[in-house]
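The numbering used here numbers the first residue of the sequence shown as 176 and each following residue consecutively.
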Amino acid sequence: MPDAIVLANPGGRIVLATRLAEDLFGYRRNELNGRLVEELMPARFRTSHLGLRSGYAAQPRKRAMGAGIELFGLRKDGSEFPVEISLSPFRSGQGSLVLTAIRDVTLRKQTEQALQKLSDENAILLQEMQHRIANSLQVIASILSLKSGAAQSEETRASLRDAHQRVLAVAAVQKHLLKAGGGDVIPVAPYMTELCANLASSMIGDKRPLTLSVRANGNETGSKHAVSLGLIVTELVINAVKYAFPAQDRGGHIVVSYEATGADWKLEVTDDGVGYARHAPAPRPGGGLGTNLVKALAQQLGAQVTVTSSPVGTCVSIAPKSALSPPEFSPQRPIEAGFPSAARPDSSSPPTLYRQ
176 MPDAIVLANP GGRIVLATRL AEDLFGYRRN ELNGRLVEEL MPARFRTSHL
226 GLRSGYAAQP RKRAMGAGIE LFGLRKDGSE FPVEISLSPF RSGQGSLVLT
276 AIRDVTLRKQ TEQALQKLSD ENAILLQEMQ HRIANSLQVI ASILSLKSGA
326 AQSEETRASL RDAHQRVLAV AAVQKHLLKA GGGDVIPVAP YMTELCANLA
376 SSMIGDKRPL TLSVRANGNE TGSKHAVSLG LIVTELVINA VKYAFPAQDR
426 GGHIVVSYEA TGADWKLEVT DDGVGYARHA PAPRPGGGLG TNLVKALAQQ
476 LGAQVTVTSS PVGTCVSIAP KSALSPPEFS PQRPIEAGFP SAARPDSSSP
526 PTLYRQ
């Protein structure tokens with residue numbers, strides 16, 4: 176619909192109004208002529224508008240009126256309706272005038288309100304679904320843990336424990352999504368810290384002299400990316416605990432590191448164990464489940480896997496293919512959070528530097 180047009184003199188008197196303007200405000204033909212423009216707005220705006228009108232007369236220019244403020248028009252019958260208004264200086268035989276273009280935005284406002292209501296309802300529904308998913312994941316994790324304890328063979332117990340950790344990795348993402356109030360952004364540092372604390376508690380406990388530590392910057396990432404990262408970390412930590420430290424009484428460190436700058440990121444899991452060549456299990460056709468899962472997850476992230484190993488440890492690095500450079504393995508690195516044995520993360524404890 177075209178805009179309604181009103182022409183007014185510097186004193187605010189209307190000298191001409193289009194038929195559309197008269198219909199919009201509920202006036203008969205030529206009934207607006209000679210009226211003050213303030214009569215077309217609710218009384219609560221009139222006093223302030225007098226000063227604004229004087230300022231515009233001193234410096235006339237084309238601009239929107241009331242930028243960032245909700246404006247309303249007043250019909251002859253006293254009803255109000257939302258409007259957008261633009262002002263332009265206009266020269267005529269009657270001298271300098273102000274051309275006011277008025278647009279009725281009632282339909283748009285109603286549509287925006289309906290969409291906002293729908294968005295709010297969807298947000299509530301999404302939050303409820305996330306709660307149910309989180310509860311379901313916890314139930315599945317508990318069942319896997321119970322089945323693992325009741326399994327007769329060590330191979331079955333190990334498989335169930337690994338499945339348990341994979342479920343916990345996804346559950347950790349759901350937990351942080353709930354904390355984010357339904358958003359799709361996960362803070363990496365607390366997510367990795369909690370994930371590794373669970374891994375340390377479940378896989379290391381108090382029985383093995385191993386330390387699982389985390390170093391992560393303060394970046395955030397989407398939930399889909401976080402799930403893939405969490406599953407990759409879970410698989411690599413499981414692999415390190417199983418094979419880098421074959422002797423149950425051998426001490427050592429496993430370090431999970433995540434760094435991101437803009438679109439570039441790098442995930443590293445390092446250990447100071449016996450080295451990949453010595454601890455790698457006998458090769459299977461096509462690789463084992465964990466290896467294939469890590470490769471598949473890395474491919475989903477547009478990344479590749481690089482393994483650097485020596486007799487004093489292994490570093491597995493995951494990074495986007497365009498940004499990846501072969502890492503140098505070093506067990507000496509600053510850590511933001513360390514979980515010796517089954518200890519839980521403590522944000523108040525200072526960073527630790529682990530050395531051989």
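Note that beta-carbon positions come from the ideal geometry of N, C-alpha and C, so glycine has one too.
For the pair of segments examined, the segment 361-375 was found not to touch the segment 319-329: the number of CB pairs separated by less than 8 angstroms stays below three. Valine 430 is positioned such that its CB atom lies no closer than 9 angstroms to that of threonine 409. Membership of isoleucine 407 in the alpha helix (DSSP H) is indicated by the continuous run 398-414.
By the C-beta criterion, the segment 178-186 is judged to be in contact with the segment 258-274, since at least 3 inter-stretch pairs fall below 8 angstroms. Put simply, the backbone Cα of alanine 192 is about 23 angstroms away from that of leucine 282. It is roughly 6 angstroms from the alpha-carbon of phenylalanine 265 to the alpha-carbon of serine 271. Counting along the chain, glutamate 434 sits inside the beta strand (DSSP E) bounded by residues 427-436.
Lysine 237 sits in coil when the DSSP states are folded into three classes, being neither helix nor strand. Here leucine 182 is near leucine 274, since their CB atoms are less than 9 angstroms apart. When C-alpha distances from lysine 354 are compared across Ser311, Gln305, Thr386, the shortest belongs to Gln305. Shortest Cα-Cα distance from threonine 386 to any of Ile413, Ala375, Ser267, Ile189 involves Ala375.
DSSP places arginine 390 in the strand class (E or B) of the three-state scheme.
Comparing alpha carbon positions, the residue from Pro185, Gly241, Ala239, Arg238 closest to alanine 232 is Pro185. Across the set Asn392, Gly465, Lys382, the C-alpha of Lys382 shows the shortest separation from the C-alpha of alanine 422.
Here the alpha carbons of glutamate 214 and leucine 225 stand approximately 12 angstroms from one another. Apart from the 5 residues on each side of it in sequence, leucine 335 sits with its Cβ closer than 7 angstroms to the Cβ of Leu319, Lys322, Ser323, Ala326 in its chain, given in chain order. If you keep only unbroken beta strand (DSSP E) runs of at least 3 residues inside the segment 232-280, you get 246-249, 255-267, 270-279. Here aspartate 359 carries a coil assignment [DSSP, helix/strand/coil]. Under the DSSP assignment, alanine 494 falls in the beta strand (DSSP E) whose first and last residues are 488-495. When secondary structure is reduced to three states using DSSP, serine 485 falls in the strand class. Annotation for asparagine 414: Gly465 place their beta carbon closer than 7 angstroms to its own, counting only its chain and skipping 5 residues before and after. Counted as a single uninterrupted DSSP element, the stretch harbouring glutamate 443 is not any alpha helix (DSSP H) but the beta strand (DSSP E) occupying residues 439-446.
Assignment of alanine 183 by DSSP, reduced to helix, strand and coil, places it in the strand class. Residue environment for threonine 331: exposed (fewer than 16 other C-beta atoms within 10 angstroms of its C-beta). Within the same chain, and ignoring the five residues on either side of serine 403 in sequence, the residues whose Cβ sits closer than 7 angstroms to its Cβ are Leu472, Gln475, Leu476. For leucine 191, the three-state secondary structure derived from DSSP is strand. C-alpha of valine 342 to C-alpha of valine 412: approximately 15 angstroms in a straight line. Here the alpha carbons of isoleucine 189 and glycine 268 stand approximately 15 angstroms from one another. When DSSP assignments are scanned along the segment 303-359, the uninterrupted stretches of alpha helix (DSSP H) that are 4 or more residues long and fall wholly within it turn out to be 329-354. Valine 449 sits in coil when the DSSP states are folded into three classes, being neither helix nor strand. In chain order, Met176, Ala179, Leu199, Gly248, Phe256, Pro257, Val258 place their CB closer than 8 angstroms to the CB of aspartate 279, counting only its own chain and leaving out the 5 sequence neighbours on each side. If you draw a 10 Å sphere on the C-beta of lysine 399, you find fewer than 16 other C-beta atoms in it, and that means exposed. In the assembly as shown, glycine 448 is a buried residue. Its beta-carbon has 16 or more other beta-carbons within 10 Å. Glycine 201 is positioned such that its CB atom lies no closer than 9 angstroms to that of arginine 238. With fewer than 16 other beta carbons inside 10 angstroms of its own, aspartate 295 counts as exposed.
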